[in-house]
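S.K.:
Protein chains in written order, with the working numbering: chain A, 2 to 166; chain B, 301 to 406.
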């Protein structure tokens, strides 16, 4: 479809997921797409899920409080606590699941996110490392991944059916 | 303790054992010959792999041969593929968005 780099690897021994992706846009725009709620909400949730940011304070010690909303209207709330920001280069957050009143659900796994941005010849590369605390957390993620994966499959099917008609 | 395929591949020695026995069924001794660790250590890894149901044992005469349960390995690929697809979808959405924003700016 395009020639943009996309690498996705999982290292089970360090409980980490490594994702690298190139975008055909200059760095400031890509940075905004990851750090401004009005843009984030337009792409962060994989279809058919939608993303809704209730509030976001992009600074160290600040937080994004948002929901992923399923096609059935079911809301899954979560937070990203920003722990480090080097403008247009790197930022980090700790991700946790919450209820709709922003209370952290300690039974669901939290994870550490580290995002790096660099630009070359008008293309911007984003490298993401997602680190989980324990293997048990990865297991939970696997289960949730299956759930999301299933939703995605339904979505692809729907698209396919729409095209046929 | 419940074990699954992801525990099986969490250790580098176990990953190496998986690669070895993917090619042919092997006895514990033949497997251990490939590593600088003790036979006991290799036996322990084989036990975990068996508990994860990623390898199967087969008795041939006096020897036990270990071989890979290929279908179990496919479960890992399946999950990773789904996880990868989620990100692919997200990034494709972002591609479209970036191109829309760029057009608006011009």
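Ideal Cβ placement from N, Cα and C applies to all residues, glycine included.
Computed from a predicted model, the values in this text were never measured in an experiment.
1) Between residue 390 of chain B and chain A, is any beta-carbon pair separated by less than 7 Å?
2) Please go through the same chain and pick out, in chain order, the residues whose beta-carbon is closer than 6 Å to the beta-carbon of residue 112 of chain A, but skip the five residues on each side of it.
3) Check for me: the beta strand (DSSP E) holding residue 132 of chain A runs from which residue to which?
4) Write down every uninterrupted run of the beta strand (DSSP E) in the region 33 to 57 of chain A whose length is 3 residues or greater and which is fully enclosed by it, in chain order.
5) With 16 as the cutoff for other CB atoms within 10 Å, does residue 36 of chain A come out buried or exposed?
6) List the residues of chain B that residue 43 of chain A touches, going by C-beta distances under 8 Å, in chain order.
7) With a threshold of 7 Å between beta-carbons, can residue 354 of chain B be considered close to chain A, or not?
8) Given a cut-off of 7 Å on the beta-carbon distance, is the pair residue 125 of chain A and residue 31 of chain A in contact?
9) Using only the alpha-carbon positions, how far apart do residue 116 of chain A and residue 350 of chain B sit?
10) Are there three or more Cβ pairs, one per stretch, closer than 8 Å when the region 21 to 30 of chain A is compared with the region 61 to 80 of chain A?
11) Using the C-alpha atoms, what's the distance from residue 344 of chain B back to residue 9 of chain A?
12) Between residue 457 of chain B and residue 382 of chain B, what straight-line distance do the alpha-carbon atoms span, to the nearest angstrom?
13) Around the Cβ of residue 55 of chain A, are there at least 16 other Cβ atoms within 10 angstroms (buried) or fewer (exposed)?
14) Roughly how many whole angstroms lie between the Cα atoms of residue 83 of chain A and residue 66 of chain A?
15) Quick one, which residues of the region 316 to 349 of chain B are near chain A if we go by CB-CB under 8 Å, in chain order?
16) Taking only beta-carbon positions, decide if residue 131 of chain A is within less than 7 Å of chain B.
17) Does DSSP classify residue 354 of chain B as helix, strand or coil?
18) Report yes if the C-beta distance between residue 314 of chain B and residue 322 of chain B is below 7 Å; otherwise report no.
19) Grab the span of the beta strand (DSSP E) containing residue 11 of chain A for me, first residue to last.
20) For the putative contact between residue 114 of chain A and residue 394 of chain B, defined by C-beta atoms under 8 Å, what is the C-beta separation to the nearest angstrom?
21) Buried or exposed: which applies to residue 158 of chain A, given that a residue is buried once 16 or more other Cβ atoms fall within 10 Å of its Cβ?
22) So, with DSSP's three-state summary, where would you put residue 344 of chain B?
23) Below 8 Å on the Cβ atoms is my guess for residue 386 of chain B versus residue 47 of chain A; work out the distance and round it to an integer in Å.
24) Return helix, strand or coil for residue 16 of chain A, following the three-state DSSP convention.
25) Hey, would you say residue 348 of chain B sits closer than 7 Å to residue 357 of chain B, going by beta carbons?
26) Compare the C-beta of residue 305 of chain B against all C-beta atoms of chain A and say whether one is closer than 7 Å.
M.R.: The answer reads as follows:
1) yes
2) 96, 131, 133
3) 124 to 133
4) 51 to 57
5) buried
6) 393, 397
7) In terms of beta-carbon proximity, residue 354 of chain B stays away from the interface with chain A, with every pair separated by 7 Å or more.
8) yes
9) 38 Å
10) Contact between the region 21 to 30 of chain A and the region 61 to 80 of chain A is not established, with fewer than three Cβ pairs separated by less than 8 Å.
11) 31 Å
12) No answer is possible for residue 457 of chain B: the residues shown for chain B start at 301 and end at 406.
13) A residue is called buried when at least 16 other Cβ atoms come within 10 angstroms of its Cβ; residue 55 of chain A does not meet this threshold and is exposed.
14) 11 Å
15) none
16) It does not: the Cβ of residue 131 of chain A has no partner Cβ on chain B nearer than 7 Å.
17) coil
18) no
19) 7 to 12
20) Not confirmed; about 16 Å, so no contact.
21) Its pLDDT being 43, under 50, residue 158 of chain A is placed unreliably by the model, and the measurement read from it follows with that caveat. Exposed, by the Cβ-count rule.
22) Three-state DSSP puts residue 344 of chain B in a helix.
23) 5 Å
24) Reduced to three states, the DSSP call for residue 16 of chain A is coil.
25) No. Outside cutoff.
26) no
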